[in-house]
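Using numbering that gives the first Met the number 0, the first residue of the sequence shown is number 0, and each one after it goes up by one.
Ideal placement from N, C-alpha and C gives every residue a C-beta, glycine not left out.
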Amino acid sequence: MSCAAASDFALFCCPKCHEALRASASVLECSGCGRSYPVPEGIPSFVGEDAFYEGRWSETDWSAGSLRNYMVKKERFFVRELNGRRGSVLDLGCGGGWKLYARVGPAVGVDLSLGSLQQASRVYARVCRSQLVELPFRDQSFDYVVSCDVLGHVPRGEKDAVWREIYRVLKRGGRTLHYVEVDGDDPLMRFAKRYPDLYNRYLLEPEGHIGLESAQDIMSRFRRLGFRPVREVASYRGATYVGRIVQYFDNEYRDKSAVIFGLVAICKAFTVAKPVEALANLGMSLFIEIGDRVLPSSWSGGTMVCYEKT
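Put into structure tokens, the structure is as follows:
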């Protein structure tokens, strides 16, 4: 690597000891512990390939406050919380990246998929392959740390360590915003959990949701580790989109209940054409808005949170 190229990696540090890295040939070498990290395709890799995540969720989202963002509740949350703000952004589990974050300021993406990071590099200033439990950044490096549909993938035994890493790399006065998948207790999920093997096979394992918790447990963890609540919203109460219902229950579940059989049939009818499915999902979005006001918080399928580091 040339000296100019080496400067491209000045943001990063060793994820193990947090000492500076030296650029040498096609690797980054730690000046402290001596560990070395490859840089395939110009992307620092602090962890090996993960076959489960490689190539998943790799499409870049070029929207940045579009009408579609306002129609999707969790996207609307990020748009509203970040509107008019400026600062550096760390996107955890970035996938292909989201242009919204790049508009806030210099954005850095972290993911396990090299293919996703290659896509994210088109919109983000820097990207790297890393675990969340050991982030390759110095203390207080970012004004914002964000994630969407990511923290539910973190095993429960690693959650406190990941939350501490978020706190460590966030600047004092900085904010961390997340949409977190929740271990919901609505009637549909209660039915699904009656059959643990099917629940794991069709609802958890395909998407890697190995660390789901209740909305209250998620919020309590942030507070316990020193974050000041700015906004906490338990959402998606008792509702999911028609495509998800087909994905989750168009299998052995259909034979377990006449209600589920009928629900799947109705949802499949809505998925025959994209315009019809979009219309059905619009109706579901309206139901979500109503349900989030009147249904129990324990029925939440996700929670949207914003905290400040004091």
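Using 10 angstroms around the beta-carbon of I244, count the other beta-carbons present and answer buried if the total reaches 16, otherwise exposed.
If you number the sequence shown from 1, residue 244 lands on position 245. Of the other Cβ atoms in all chains shown, 16 or more fall within 10 Å of the Cβ of I244; this residue is therefore buried.
Between Y240 and the rest of its own chain, which residues show a CB-CB distance below 7 Å, the 5 nearest in sequence each way excluded?
Numbered from its first residue, the sequence shown carries residue 240 at position 241. Hits under 7 Å: N280, M283.
Kindly list the residues whose CB is nearer than 6 Å to the CB of S297, restricted to its own chain and excluding five residues on each side of it in sequence; keep chain order.
Translated into the one-based positions of the sequence shown, residue 297 becomes position 298. The answer, listed in chain order, is D184.
Near M0, what residues of its chain come up, given a Cβ to Cβ distance below 6 Å and the 5 sequence neighbours on each side ignored?
By one-based count along the sequence shown, residue 0 stands at place 1. Note that M0 scores 49 on pLDDT, short of 50, meaning its location in the model is unreliable and no value can be drawn from it.
What number of angstroms, rounded off, separates the C-alpha of I289 from the C-alpha of E40?
As a first step, residue 289 is located in the sequence shown; it is residue number 290 there, counting from the start. As a first step, residue 40 is located in the sequence shown; it is residue number 41 there, counting from the start. Distance between the alpha carbons of I289 and E40 is about 47 Å.
Hey, out of Y201, P274, V229, A257, whose CA is closest to Q246's CA?
Here residue 246 is taken as the residue at index 247 of the sequence shown, counted from 1. The closest CA to that of Q246, considering only Y201, P274, V229, A257, is found on Y201.
I'd like the span of the beta strand (DSSP E) that includes E378, first residue to last.
With the chain running from 0 to 309 in the structure shown, residue 378 is simply not present.
Suppose contacts are defined by Cβ-Cβ distances below 8 Å. Is L116 in contact with V144 by that definition?
In the sequence shown, residue 116 corresponds to position 117, counting from 1. In the sequence shown, residue 144 corresponds to position 145, counting from 1. No, the Cβ-Cβ distance between L116 and V144 is not below 8 Å.
Would H152 and I217 qualify as a contact pair, given that the criterion is a beta-carbon distance under 8 Å?
Looking up residue 152 in the sequence shown gives position 153. Looking up residue 217 in the sequence shown gives position 218. For the 8 Å CB-CB criterion, H152 and I217 do not form a contact.
Following the continuous beta strand (DSSP E) through K308, name the residue where it begins and the one where it ends.
If you number the sequence shown from 1, residue 308 lands on position 309. It spans 301-308 - the beta strand (DSSP E) in which K308 sits, taken as one unbroken run.
Buried versus exposed, by CB contacts within 10 Å (16 or more), V32:
For the purposes of this step, residue 32 is taken as the residue at position 33 of the sequence shown. In the sequence under discussion, the amino acid at residue 32 is Cys, which differs from the Val named in the question. C32 is exposed by the Cβ-count criterion.
Can F45 and C127 be called in contact, C-beta distance under 8 Å?
Looking up residue 45 in the sequence shown gives position 46. Looking up residue 127 in the sequence shown gives position 128. If you check the CB distance, F45 and C127 come in under 8 Å.
Just how far apart, CA to CA, sit R125 and D110?
Numbered from 1 along the sequence shown, position 126 holds the residue referred to as residue 125. Numbered from 1 along the sequence shown, position 111 holds the residue referred to as residue 110. If you take the alpha carbons of R125 and D110, they lie about 12 Å apart.
Whose CA, out of K255, A257, A214, lies closest to the CA of H177?
The residue you call residue 177 lines up with position 178 of the sequence shown. For H177, the closest of K255, A257, A214 by C-alpha to C-alpha distance is A214.
Using the Cα positions of C305 and P186, report the straight-line distance between them to the nearest angstrom.
The residue labelled residue 305 in the question sits at position 306 within the sequence shown. The residue labelled residue 186 in the question sits at position 187 within the sequence shown. Take the alpha-carbon of C305 and the one of P186: they are about 28 Å apart.
Please give me, in chain order, every unbroken run of the beta strand (DSSP E) with length at least 3 that falls completely inside the stretch 74-100.
Restricted to the stretch 74-100, the beta strand (DSSP E) segments that are unbroken, complete and at least 3 residues in length are 88-91, listed in chain order.
Is it buried or exposed for P228, if we count other Cβ within 10 angstroms and need 16 for buried?
Mapped onto the sequence shown, residue 228 falls at position 229. Classification for P228: exposed.
Run through the stretch 164-251 for me and flag every whole beta strand (DSSP E) of 3 or more residues, listed as ranges in chain order.
At a cut-off of 3 residues, the continuous stretches assigned as beta strand (DSSP E) that sit fully inside the stretch 164-251 are 169-180, 226-234.
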